[in-house]
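Numbering (this note's numbering), first residue to last: 288 to 402.
Reading through the structure tokens given below for one structure.
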């Protein structure tokens, strides 16, 4: 039996506000439904310096397959950062969407991807 793929949750505390428990539950539920083991959730705020770079470092260090986020609003500019999509698949809960890495190492044109 092959090992289950792993994922990180990611959210911004200043965007989640009082809904953080609901967002955590939805990320866990989606991870389970898609067959991922959710290892942990990384939480940054609007005061976090270089959040995309830091999230990428955590994803690389833990060697996860995906990052699950409540929605694109948790990234600056409300779009998928190309720097993260080059490292891992990014899955949004609402709207439910997957921004997949390209196996060839070339980032395809993505709706809403930030360059």
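Just so it is clear, CB atoms sit at the ideal spot from N, CA and C, and this is done for glycine as well.
- In this model, residue 369 and residue 388 are separated by some 10 angstroms (Cα to Cα).
- In terms of Cβ geometry, residue 354 and residue 295 form a close pair [threshold 7 angstroms].
- The beta carbon of residue 356 sits closer than 6 angstroms to those of 297, 379, all from its chain and outside the five residues before and after it, given in chain order.
- Judged by DSSP in its simplified three-state form, residue 319 adopts helix.
- With a 10 Å radius around the Cβ and a threshold of 16 neighbouring Cβ atoms, residue 382 comes out exposed.
- Taken in chain order, the complete beta strand (DSSP E) segments of 3 or more residues contained in the region 327-373 are 353-356.
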